[in-house]
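Numbering (numbering that gives the first Met the number 0) for the sequence shown: 0 to 318.
Note that beta-carbon positions come from the ideal geometry of N, C-alpha and C, so glycine has one too.
Have a look at the structure below, then the notes.
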Amino acid sequence: MGLGLGLIYWRYTEMSQESKDAMTEAFKNINWWMLLPIFIVGFLSHYFRALRWKILLKTVAIEPSTANTTFAVLIGYLVNTVVPRLGEVAKCTVLAKYEKTSPDKAIGTIIGERAFDMISLLIVMLLVFLFERHIAFTLFNDYFGKYFHDGTTIIWKPVLIAVAVLILCIAGFIFLLKKLKNTKVGNIIKSLGDGIASVWRMKARGAFLLYTFLIWLMYTLMVYIGYFSLEATAGLGMSSALAIIAFGSIGMIVTPGGIGTYPLIVAGVLLLFGLNEGVGMAFGWICWGVQTGLVLILGLASLILLPLLNGKRNTQQAG
Numbered sequence: 000m001g002l003g004l005g006l007i008y009w010r011y012t013e014m015s016q017e018s019k020d021a022m023t024e025a026f027k028n029i030n031w032w033m034l035l036p037i038f039i040v041g042f043l044s045h046y047f048r049a050l051r052w053k054i055l056l057k058t059v060a061i062e063p064s065t066a067n068t069t070f071a072v073l074i075g076y077l078v079n080t081v082v083p084r085l086g087e088v089a090k091c092t093v094l095a096k097y098e099k100t101s102p103d104k105a106i107g108t109i110i111g112e113r114a115f116d117m118i119s120l121l122i123v124m125l126l127v128f129l130f131e132r133h134i135a136f137t138l139f140n141d142y143f144g145k146y147f148h149d150g151t152t153i154i155w156k157p158v159l160i161a162v163a164v165l166i167l168c169i170a171g172f173i174f175l176l177k178k179l180k181n182t183k184v185g186n187i188i189k190s191l192g193d194g195i196a197s198v199w200r201m202k203a204r205g206a207f208l209l210y211t212f213l214i215w216l217m218y219t220l221m222v223y224i225g226y227f228s229l230e231a232t233a234g235l236g237m238s239s240a241l242a243i244i245a246f247g248s249i250g251m252i253v254t255p256g257g258i259g260t261y262p263l264i265v266a267g268v269l270l271l272f273g274l275n276e277g278v279g280m281a282f283g284w285i286c287w288g289v290q291t292g293l294v295l296i297l298g299l300a301s302l303i304l305l306p307l308l309n310g311k312r313n314t315q316q317a318g
């Protein structure tokens, strides 16, 4: 939390007066009605995540209700806004309590979930590189173009270097796996691999992959729809939304709930798309505010509704 607040103060003091004025003007002219569909799409992302988790839970002989699973997921996100990664344990504990099962069995499914989330994030990053390669090439030319003075076009050179780097990364990963075998880090990597393999062996892997796609589609749509809340961002496309999702996800990990880091990263991404830093910062705070507000409202509502719903169900079963 301290890091996030420190970043907020540092970035604001470093911004030019023009950017500060642009940020203030953007906040004044928010189209508040466009935030409503973002809430709906945001809820759908959590709902699809709950449905996907149900598929994994069935592999360990847990068949929870959709309502309990959804409430548990939302409570997990609520906890994550305060203590990162503790939300995974919280949602498993909550679900186990109301489904009368062992939390350890539910926690065992988290590895498969996280493994596919990592793969999904890598795919999104790859899509960003493919769709916005001109930005990647521009950055490459700005930082490394001085090393190429043969007078020929260098558009193909970053591609060759990217391929070479990819090959080196794969070779390095294989080498590390051999070196880290039977170590704590090696066991974590092996667990992720086993999680991916277990998902791929499931009968319902088609539904699992569909829900995974829908989750990330909803994330992207939250940003894309959010563009229409500001006049300056209304003309941006889906590929820029993918870029925000790809790099913004990292910001959500660095500080609790992404406070400070998420808006900063969003502003940096939108700067590459030609927007004023102040407008980018304003949009980053809008996205962060909607996401955090959604989690707080739905998470707290879940804490209230979960015992009420299950108390009513237990009464009906007893009757």
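Discussion item. If you reduce the DSSP assignment to three classes, tell me which class SER64 lands in.
Written reply: coil
Worksheet item: Beta carbon of LEU85, beta carbon of THR65: below 8 Å?
Response: no
Worksheet item: Is there contact here, the segment 72 to 85 with the segment 282 to 289, by at least three beta-carbon pairs under 8 Å?
Response: no
Practice prompt. Kindly indicate which three-state DSSP category ARG84 falls into: helix, strand or coil?
Written response: In the structure shown, ARG84 sits in coil (DSSP, three-state: anything other than H, G, I, E or B).
Practice prompt. Provide the residue span of the alpha helix (DSSP H) that contains VAL59, from first to last.
Written response: That residue, VAL59, is in no alpha helix (DSSP H); it is neither H nor E in DSSP.
Fill in: Nonlocal neighbours in the same chain, by C-beta distance under 6 Å from PRO102, ignoring five residues either side
CYS91, THR92, ALA95
Item to complete: Indicate the three-state DSSP secondary structure (helix, strand or coil) for GLY205 in the structure shown.
Response: Three-state result, GLY205: helix.
Worksheet item: Using the beta-carbon count (16 or more within 10 Å), is PRO306 buried or exposed?
Response: The residue in question, PRO306, is exposed, as its Cβ has fewer than 16 Cβ neighbours within 10 Å.
Item to complete: Check whether the segment 18 to 28 touches the segment 46 to 62, taking contact to mean three or more Cβ pairs, one atom from each stretch, closer than 8 Å.
Response: Result no; under three Cβ-Cβ pairs closer than 8 Å.
Item to complete: Quick one: give me the first and last residue of the alpha helix (DSSP H) that MET124 is part of.
Response: 109 to 130
Worksheet item: Are the Cβ atoms of GLY41 and VAL289 separated by less than 8 Å?
Response: yes
Discussion item. Closest to PRO262 by C-alpha separation, out of LEU271, GLY247, PHE272, would be which residue?
Written reply: GLY247
Fill in: Own chain, CB closer than 8 Å to GLY225, minus 5 neighbours either side, in chain order
If we look at GLY225 and ignore the five residues flanking it on each side, its Cβ neighbours are MET33, LEU34, ILE37, THR232, PHE282, ILE285, CYS286, VAL289.
Worksheet item: In or out: THR151 buried (at least 16 other Cβ within 10 Å) or exposed?
Response: In this predicted model, THR151 has a pLDDT of only 47, less than 50, meaning its place in the structure is not dependable; the value taken from the coordinates is given anyway. In summary, THR151 is exposed, with fewer than 16 beta-carbon neighbours lying within 10 Å of its beta-carbon over all protein chains present.
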